[in-house]
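In this note's numbering, each residue carries its 1-based index in the sequence shown increased by 577.
Beta carbons: idealized from backbone N, C-alpha and C, even for Gly.
The structure presented is a predicted model; accordingly, all values stated were derived computationally and were not measured.
To keep things clear, I will list the structure first and then write my remarks on it.
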Amino acid sequence: MLLAACGAGKNKPLAVQTDTVARRDVIVSADANGAIEPIVIVEVRSKASGMVMNMPVETGTFVKPGDLLVQVDTQTVQKQFEQAAAD
578 MLLAACGAGK
588 NKPLAVQTDT
598 VARRDVIVSA
608 DANGAIEPIV
618 IVEVRSKASG
628 MVMNMPVETG
638 TFVKPGDLLV
648 QVDTQTVQKQ
658 FEQAAAD
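What follows is the structure, encoded as structure tokens:
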């Protein structure tokens with residue numbers, strides 16, 4: 578027993594798994610929950626009044642200066658103009 582305690586006995590080889598090293602791309606991604614808030618809030622107003630006939634853009638759509646946001650019915654204003662011109 579004394580010899581076994583001093584390491585005189587043979588140890589069994591330890592089995593290990595190996596693999597070949599290879600260079601490759603690693604895709605890193607993350608999913609997260611949160612809220613998006615605008616940096617600037619802009620209030621859009623019209624100087625004209627009347628019934629809205631068409632809204633060619635949806636809320637949240639990116640627009641540029643000069644893009645048509647709302648088309649207002651011009652018939653009422655046109656009639657008022659013609660009446661004022663006739664008087």
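- Secondary structure within the segment 582-634: the beta strand (DSSP E) runs of 3 or more consecutive residues, fully enclosed, are 629-631 (chain order).
- Exclusion of the five residues before and after LYS624 leaves no residue of its chain whose Cβ lies closer than 8 Å to its Cβ.
- By the Cβ test, the segment 609-617 is not in contact with the segment 625-637, since fewer than three Cβ pairs between them sit closer than 8 Å.
- Shown here, VAL654 sits in a helix according to DSSP, grouped into three states.
- Our two residues, THR638 and THR597, have alpha carbons roughly 51 Å apart in a direct line.
- Your pair LEU646 and VAL640 checks out as a contact, with CB atoms roughly 7 Å apart and the cut at 8 Å.
- Taking C-alpha positions only, THR595 is separated from LYS587 by approximately 24 Å.
- Counting only the Cα atoms, LEU591 lies some 30 Å from ARG601.
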